[in-house]
Structure formats: C-alpha cells, structure tokens
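Enquirer:
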Amino acid sequence: MKTNHAVKGTDLAILVLIVVACSIPFLNQPFHMDDNFYMDMARNAQSNLLFPNDTPYIFQGVRWPDLGSHSHPLLQTYFLAAIMCFFGEGPGKEWIYHLPALLYPIIAVLSFYFICARFLDRPLWPSALLACSPLFLVMQHTLMTDMPMLAWWLGAVCCFLYATDLKKTSLYAASAGFQLAAMFTGYQSFALIPLLGFYNLRKRGGRKGWITLILPPTLIGLWFLLNCLHYKRFLWGITLDYFKPHQSFSLETFGIKLFSNLECQGWLIVFPFFILCLLARQLKGRALLLVLLIASVLVQLEVPEYRFVDKCIFVAGLAGGFFIILEMGQISWMAIFRRRSALGFGETEEQFLGLWYFGFLFFCLFVLTEGSARYILPILPPFFICYFRKLEISEISEYRLPTRFLNSAMLASGSLVISLLWGMALSHADLEFARVYPRAAQDILQVAGRMPSYSAGEWGFRYYLGREGTSPLPADESQVRGGSFVAIPKLAAPYDVPANLRSMMMPIKSFQYFPKTPLRILDWQTPAGFYSTGWGLIPFSYSRKNLEEIEVFQVNYMVERLPFAQIDAGSGIKPWPGYLNLEGKSPLAILAKAGTRILYPFSALNPMQLQLLCGISPDSYQEGTNTSFAFKVRQLDGEGNVLAESDMVLQPGTKKEDRPWKQIVLALKPAQHGALEFDYSHAGRESTGTGAFAQSVLTCAY
1 MKTNHAVKGT DLAILVLIVV ACSIPFLNQP FHMDDNFYMD MARNAQSNLL
51 FPNDTPYIFQ GVRWPDLGSH SHPLLQTYFL AAIMCFFGEG PGKEWIYHLP
101 ALLYPIIAVL SFYFICARFL DRPLWPSALL ACSPLFLVMQ HTLMTDMPML
151 AWWLGAVCCF LYATDLKKTS LYAASAGFQL AAMFTGYQSF ALIPLLGFYN
201 LRKRGGRKGW ITLILPPTLI GLWFLLNCLH YKRFLWGITL DYFKPHQSFS
251 LETFGIKLFS NLECQGWLIV FPFFILCLLA RQLKGRALLL VLLIASVLVQ
301 LEVPEYRFVD KCIFVAGLAG GFFIILEMGQ ISWMAIFRRR SALGFGETEE
351 QFLGLWYFGF LFFCLFVLTE GSARYILPIL PPFFICYFRK LEISEISEYR
401 LPTRFLNSAM LASGSLVISL LWGMALSHAD LEFARVYPRA AQDILQVAGR
451 MPSYSAGEWG FRYYLGREGT SPLPADESQV RGGSFVAIPK LAAPYDVPAN
501 LRSMMMPIKS FQYFPKTPLR ILDWQTPAGF YSTGWGLIPF SYSRKNLEEI
551 EVFQVNYMVE RLPFAQIDAG SGIKPWPGYL NLEGKSPLAI LAKAGTRILY
601 PFSALNPMQL QLLCGISPDS YQEGTNTSFA FKVRQLDGEG NVLAESDMVL
651 QPGTKKEDRP WKQIVLALKP AQHGALEFDY SHAGRESTGT GAFAQSVLTC
701 AY
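Note that the numbering used here numbers the sequence shown so that position 429 is 429, with each residue one more than the last.
1) Comparing alpha-carbon positions, which option in Trp524, Gly536, Gly572, Met504 lies nearest Leu562?
2) Can you tell me the Cβ-Cβ gap for Val710 and Met506, rounded? I've got them flagged as a contact below 8 Å.
3) Here's the rule I'm using: 16 or more other beta-carbon atoms within 10 Å means buried, otherwise exposed. How should Gly584 be labelled?
4) Going by C-alpha to C-alpha distance, which of Trp125, Leu676, Met648 sits closest to Gly640?
5) Evaluate Ser413 with the Cβ neighbour count: other Cβ atoms within 10 Å of its Cβ, from every protein chain shown; 16 or more gives buried, anything less gives exposed.
6) For Thr533, which of Gly255, Val62, Trp153, Met147 has the nearest alpha-carbon?
7) Note down the Cα distance separating Gln566 from Tyr600, rounded to an integer number of angstroms.
8) Assuming Ser133 and Val19 are in contact, meaning their beta carbons sit under 8 Å apart, how far apart are those beta carbons, in whole angstroms?
9) Quick one: residues in its chain with C-beta nearer than 7 Å to the C-beta of Asp310, no 5 flanking neighbours on either side, listed in chain order?
10) Kindly indicate the opening and closing residues of the beta strand (DSSP E) around Pro670.
11) If I measure Cβ to Cβ from Glu549 and keep anything under 6 Å in the same chain, skipping five residues before and after, which residues do I get?
12) May I ask you to verify whether the segment 458-473 touches the segment 35-44, counting CB pairs closer than 8 Å and requiring at least 3?
13) Distance check for Gly206 and Thr348, CA to CA, integer angstroms please.
14) Could you name the residues that DSSP lists as bridge partners for Thr699?
15) Buried or exposed: Pro416, going by 16 or more other Cβ atoms within 10 Å of its Cβ?
16) Note down the Cα distance separating Met1 from Phe345, rounded to an integer number of angstroms.
17) Could you check where the alpha helix (DSSP H) with Pro563 kicks off and where it finishes?
18) Across which residues does DSSP place His682 in a beta bridge pair?
19) Can you check the segment 80-164 for any alpha helix (DSSP H) of at least 4 residues that lies completely inside it and give the ranges in chain order?
20) Could you name the residues of the same chain whose beta carbon sits closer than 6 Å to that of Ala429, not counting the 5 residues immediately before and after it, in chain order?
21) Can the beta-carbon of Ile275 be found less than 8 Å from the beta-carbon of Gly320?
22) Can you tell me whether Leu650 is helix, strand or coil according to DSSP?
23) On a CA-only basis, which of Ala589, Glu392, Ser69 is nearest Arg233? Give me that one, please.
24) Within the continuous alpha helix (DSSP H) that includes Gln265, where are the two ends?
25) Please name the residue in Ser586, Pro382, Met424, Pro670 whose C-alpha comes closest to that of Cys116.
26) In whole angstroms, give me the CA-to-CA distance for Gln76 and Val62.
27) Just to confirm my understanding: we take Arg339, look at its own chain, exclude 5 residues before and 5 after, and list those with CB closer than 7 Å. What are they?
28) Since Ala692 contacts Leu605 with CB under 8 Å, what's their CB separation in whole angstroms?
29) Taking all protein chains shown into account, decide if Pro703 is buried (16 or more other Cβ within 10 angstroms of its Cβ) or exposed.
30) Is it buried or exposed for Asn53, if we count other Cβ within 10 angstroms and need 16 for buried?
31) Evaluate contact between the segment 646-654 and the segment 623-634, counting only Cβ atoms and requiring at least three cross-stretch pairs below 8 Å.
32) Pick helix, strand or coil for Lys585, following the three-state DSSP scheme.
33) Report buried or exposed for His32, applying the criterion of at least 16 other Cβ atoms within 10 angstroms of its Cβ.
34) Drop a sphere of 10 angstroms on the beta-carbon of Arg389, count the other beta-carbons inside from all chains shown, and report buried for 16 or more, exposed for fewer.
35) What does DSSP give as the partner residues of Cys614 in its beta bridges?
36) Let's test the definition: count the other Cβ atoms within 10 Å of the Cβ of Cys85 and tell me whether it reaches 16, buried, or not, exposed.
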C-alpha cells in the first residue's frame, strides 16, 4: 500500500471553502429537531455547570426527575453553554450558534483528507465528496451531536493512523484527545476502541498505542461513575428500560431499520445514479435489473399503501443501498476471510475499512431503537475511500478497454457536482421545515396572548413557543387550569393528551403551513422519514399538501373550574358538564336547570374578553308559549361590586331566532381579586329542560 501521499495546502483551502460556502445560506436556520433539547441543557448549565442534566424535564409528555440518563454526554451541552454565556438567546441569534459550529464539519473534512492521503493518490476528491454529501450537508446545519461526534471520530482515527506510522507521541496524545472528545459527545464512540485496537494490534503499534486507547474510556468511565454517585443510580438502567417498549430487538423493528438503512445509504451518501453506474456493472447490467425487480416485489409486499412516487423512491434507494453493502461486503470478505487485497491497499488496511463500515452498520441495526439518516454518518468515510479507489482502478482499466458511456473521470466529477446539488436541495427542504415553527409561535401568540399556554410537541415547535412564554404540557393534567391554551402539532412529535384534559378542551383555531418546496424530508402525510422511521421508510418524499398543521385548543374555564365554584341551585340539581345539540352544533357546555347561579373565583391582571354561547334545550319550552329564559353574566370585584355585565333574554317558544345558540361577549376589566357570576333563570311556565353556557372562551383584549 502507498502511504502518506503529498498533502497540498491548496487542497485544504478548497475543502474549507466548500464547507463555508455550503453553510452560508443556512447560518440563520432556526433551531431544529433536537436542537431545543441541547439548548435547554445549555441553559441549565449556566446555573449548574457540573451537572447540567440535573433538572426536571418533560419529554414527549412524560415527566423525568432529571436527564442524567440521557444517551449523550455533555461536550455539546458545554459548547452551546459557552456561546450562550457570551451572546445569550433571542430572535435573530441563530447564526451566532451555527457559525462556531462550522468548526465540526471543517475538522471532519480536513481529518478525512489526511486519512485519504494514506490510501489514495488524489485525496481531495473523496474529501470534497464528504463535504458535498447530501447527508453531511443537511446535518451540518443542526446543533445535535451527530456532526460533532463525526468530527472528533475522524480526528481520532487520523491522528492514530499517523501516530502508528510515525511513532510520534504528540500524535498519540492528539488521538487520545479526539477520542475523549468523541466519547464525551456520544457513547457510541466507544466503538473507536476495538476499531483502533485492531489496527494497533495488526500494525504492532506497541505500548503507546494501547495507552492511547485505554486513557479516554477510563476518564469517561470515571466521569460516568461520578454521575452515578450523584444521581444515586446506574444511569444506563433507565436508558435500557427506554429500549424495552420500543422492541428494539424484534424482527419487525430490525426489518424497519434494515430497509431504512439501505434507503438512506442509497439516497444520501452519493446521488444513487452514480452508485449504480459504478457498482452495478456486474453481468453487464443484468444484476441491476434483478435487484430492481426484487426491490419492486418487496415494496409491494412491505408498503403496498405507498403512492407510486414513493414506491419509485423506495426501489431506487433500496437498489443503491444494496450495491453499497454488496461492494463493502466483497472488499471485507476478501480482506478478512481470504486474506487478499481487493483494492490494493493492503490486507490490514482493507480489514480496517471493513470493520469500520460493518461495525457501525451493525450498531445501527442491532442497538439503536429506530432508523434515522443521521445515525449512519460514521460509515460515510470508509465507503468514500473504497468508492474512489474503485474509480482509480476503473481509470487504469479504461486505457485498454473500450470507452464506457460514462468514464471514471465523468463519474467522479458527476458524483461531486450532482451530489452537491442534491444535498443543497435537501438542505433547503430542511430549512423550510425548520422555518415553520418560528412562524407558528407568532401565530399562536396572536391567539393566546398573555394567557397561560402549553405546547404538546417537541423540536423547534417546543423551543420557539417556549421563547414566547409557552410551557411544555405537564404530565400532571391537574396543573392545567381552565382558560389555558394548548397547541398540538401534527408533525412535531405530538404528546398524548390525557383523556380527562382532552374532554375539557375546545378547538379555537387551526394553522396550516405550506413550505415553498414540495420536497419533504419529514412529513406526517407522506412516508418521508429522514430523521426517524417513525414517519416512514424513505428519506424524502414529494408533496404539495401542508407540512405541518397545528391545532390550538382552550381548556374550558367553566368546566375545569366547576368543582371550585360556589353554586346556588334552586331546583336542587347542580349544574354539570355536557353537550347540547342545537341545529347541528354541540359545543362543550355547562348545563343547568333554571334558577341556577354559579360563582367562579376569578382574577384578571389585564383586560380580557369572555365569549360564550347560550342556548335552551328543546324540551324546555313548547312552540307558541311565551316563557322567557334569562342568561346573565357579570364580573364582580373583591367587594362584590359589578365591574362588567351582560344579559340576554330568549323566548324560543315564540321566536325562532332564539332557538339556535346565541352569543354573549363581555369585556372584563383588570381585577386582582374578584369573581365571575353566571345566572340562568326563567319566567312563566315551569320548565323541566336545561339551559347551557357553552364555548366559554377567554382571550386577552388587545
């Protein structure tokens, strides 16, 4: 194997320029997906630096006493906390967080360049393709741990390979530092130990190599032990319990993860056309036709409900992913079992690349609870090395074979350019997705005003509503008072609202959001599942329908506060929650017999408005009778003085216009201590029916 090819400063400058240029359009991308989670932890680190996970948290509707068992250590939390300490948070400050985060893709690409220089004559090409890879482009615009872990991972591998060759203590120390950073970013980075240990063993790296591999996990282990002592439990116990309901090891879950993994590799590493052109040439193309046929049968068996366009995406991705795994499998088989080099790198190097690729692939399939595109980032580098080595071999053979439709140079440049364009298109789709939730926060704020409000979802939806003063919906439904607003998304991991609370919620308004691009990487109406197989098996889809739909509800004040109200019931029957159908409309209401007075304790710090519907049940009157029914609503101060009042008299027996729901609007004045009084009475003939105070909506008066 040829090693240590010349490293060019111009190549490094080109790579940095590519990373920066591809990031500039997305620096202002709103915080997205799990970014909010790390921002929450960074915020808590301002007051609890040593244990920023030591805080109660509501996640997906479940209350956790702390986040000590979170599946990622704290390095990214501290990174964001440092930025937050100096620059704070607020509208328009997203770029301040994304700009320093460019450090990660730059480290990843430059480290990979040096790794490639040990394998290939032209290390610039695979390094540039990594920077232009669709998956890499999308993930470098988030604040989650995937890109940081890849950067530290590649830095650790790069330094260790060169340290083994050059026997330099400084490179061993640098590798140990990168390993420590990788493990302190994601526990899955412990996979570096067996991977680099194998290389050290085969290359006889000696004592320095083993010390380099022992020190980082030892330090992380001590940190983990300190946290176990602090939280007084084995932290991974809760993490393992989280896996159980997800049935991570069931055959069905494994199949979902396998299909998702193939799809993501087929579509998101290199544009699939070039994968098939280079890797599916066996049997003069007949292998490709056979794989496409099998994929078409599988899509009909596994996902017959998919639209035709989604089935085509599934088939193409499955074929691309299959040929990637087949190629890596052939290389690994030759190197590990037949002890022969398929690419000319050398037996140990090809074994190393095979273990890197399949080791992390098996981790994704057998350990993780679900499939996601971002999980496969660490398998991109070994594939790119093999991909471009395959192109180098093809280039040599082209001198003596008939020219193909696409020669190796065209495939290399096409892979780079088309993958870049494809990656930018997916990144723009992700940007449009992220932009939904700042807009949604402003729309919901217009409805809820300064009233108590809750969000029942995650991701950017939770972050931007939280920035406007909205709290996550508490697990204890009794904490949600009447008059509070609850916003529930369709896409952003909506919570399951407890049935008792749901029964008191009234729909107020619904918002729909249509992005500018029809390309979808996550969708609730198509099987696009870039971020999680919970939404679908393909990494993207196409749709002109709304991307997100958010419903805003209000907890009915009269219903929720009824147990705490003072009631005078002349009939002896207390009022009760229920539904009254008048001309096809049956909103949630308080039903009462005539002669009922309900007094609710009520405080208003700002001017408010009360809107409610009043109605009479049809069995309360007979047509032609002149019985009248009176509804009176009053706001009282702490002394019992009337601050505002409105009343309505209905005669449904003689006036048909009084038979449907009739609205009362009452402008409420600020009163720190007071009450709302609702009175229902009748005059005339005795009534056995009921009256209803329905849809009692409280809003801030602007």
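The C-beta atom is built at its ideal place from N, Cα and C for all residues, glycine as well.
Expert: Taking the geometry as given:
1) Translated into the one-based positions of the sequence shown, residue 562 becomes position 562. Closest by alpha carbon: Met504.
2) Because residue 710 is not part of the residues shown, which for the chain are 1 to 702, the question remains open.
3) As a working mapping, residue 584 is identified with position 584 in the sequence shown. So Gly584 ends up on the exposed side.
4) For the purposes of this step, residue 640 is identified with residue 640 of the sequence shown, where counting begins at 1. Comparing Cα positions, the closest option is Leu676.
5) Within the sequence shown, residue 413 is the residue found at index 413, counting from 1. The residue is exposed, with fewer than 16 neighbouring Cβ atoms inside 10 Å.
6) For this step, residue 533 is matched to residue 533 along the sequence shown. Looking at the Cα atoms, Gly255 is the closest of the given residues.
7) As a first step, residue 566 is located in the sequence shown; it is residue number 566 there, counting from the start. As a first step, residue 600 is located in the sequence shown; it is residue number 600 there, counting from the start. C-alpha separation (whole angstroms): 7 Å.
8) Translated into the one-based positions of the sequence shown, residue 133 becomes position 133. Translated into the one-based positions of the sequence shown, residue 19 becomes position 19. Between Ser133 and Val19, the beta carbon gap of about 12 Å keeps them out of contact (Cβ cut-off 8 Å).
9) Looking up residue 310 in the sequence shown gives position 310. The answer, listed in chain order, is Thr526, Pro527, Ile538, Ser541.
10) Here residue 670 refers to the residue found at position 670 of the sequence shown. Per DSSP, Pro670 belongs to no beta strand (DSSP E) and is neither H nor E.
11) Within the sequence shown, numbered from 1, the residue matching residue 549 stands at position 549. So the qualifying residues of the chain are Lys490, Gln512.
12) yes
13) Against the sequence shown, residue 348 aligns to sequence position 348. Against the sequence shown, residue 206 aligns to sequence position 206. Going from the Cα of Thr348 to the Cα of Gly206 covers about 16 Å.
14) The count along the sequence shown starts at 1 and reaches residue 699 at position 699. Answer is Gln609.
15) Residue mapping note: residue 416 aligns to position 416 of the sequence shown, counting from 1. The sequence shown places Leu at residue 416, rather than the Pro named in the question. It counts as buried.
16) Position 1 of the sequence shown, counting from 1, holds the residue named residue 1. Position 345 of the sequence shown, counting from 1, holds the residue named residue 345. Per-residue confidence for Met1 stands at a pLDDT of 45, beneath the threshold of 50, marking its modelled position as unreliable; no derived number is given.
17) As a position in the sequence shown, residue 563 is number 563, starting the count at 1. No alpha helix (DSSP H) holds Pro563; DSSP gives it neither H nor E.
18) The residue you call residue 682 lines up with position 682 of the sequence shown. Beta-bridge pairing links His682 to Phe629.
19) 94-101, 103-116, 124-132, 134-139
20) Start at 1 with the first residue of the sequence shown, and residue 429 comes out as number 429. Counting only Cβ-Cβ distances below 6 Å, and skipping sequence neighbours, we find Thr517, Leu519, Ile521.
21) The sequence position of residue 275 within the sequence shown is 275, counting from 1. The sequence position of residue 320 within the sequence shown is 320, counting from 1. The answer is yes: Cβ separation under 8 Å.
22) Your numbering for residue 650 matches position 650 in the sequence shown. Three-state DSSP puts Leu650 in a strand.
23) As a working mapping, residue 233 is identified with position 233 in the sequence shown. Looking at the Cα atoms, Ser69 is the closest of the given residues.
24) Here the question's residue 265 lines up with position 265 in the sequence shown. Note, Gln265: alpha helix (DSSP H), 251-268.
25) Locating residue 116 in the sequence shown gives position 116, where the first residue counts as 1. Minimum Cα distance to Cys116 is reached at Pro382.
26) Along the sequence shown, one-based indexing puts residue 76 at 76. Along the sequence shown, one-based indexing puts residue 62 at 62. Per the coordinates, the alpha-carbon of Gln76 lies some 24 Å from the alpha-carbon of Val62.
27) Here the question's residue 339 lines up with position 339 in the sequence shown. Correct list, in chain order: Glu347.
28) Within the sequence shown, residue 692 is the residue found at index 692, counting from 1. Within the sequence shown, residue 605 is the residue found at index 605, counting from 1. About 29 Å separates the beta carbon of Ala692 from that of Leu605, a gap too long to meet the 8 Å contact definition.
29) The chain is shown from 1 up to 702; residue 703 falls before or after that span and cannot be answered.
30) Position 53 of the sequence shown holds residue 53. When all chains shown are included, Asn53 counts as buried.
31) yes
32) In the sequence shown, the residue the question calls residue 585 occupies position 585. The answer is strand: DSSP assigns Lys585 an E or B state.
33) For the purposes of this step, residue 32 is taken as the residue at position 32 of the sequence shown. Looking at its Cβ environment, which holds 16 or more other Cβ atoms inside 10 Å, His32 is buried.
34) To locate residue 389, count along the sequence shown from 1; it is residue 389. Flag for Arg389 reads buried.
35) Mapped onto the sequence shown, residue 614 falls at position 614. Lys662, Phe693.
36) As a first step, residue 85 must be located in the sequence shown, where it is residue number 85. Cys85 comes out exposed.
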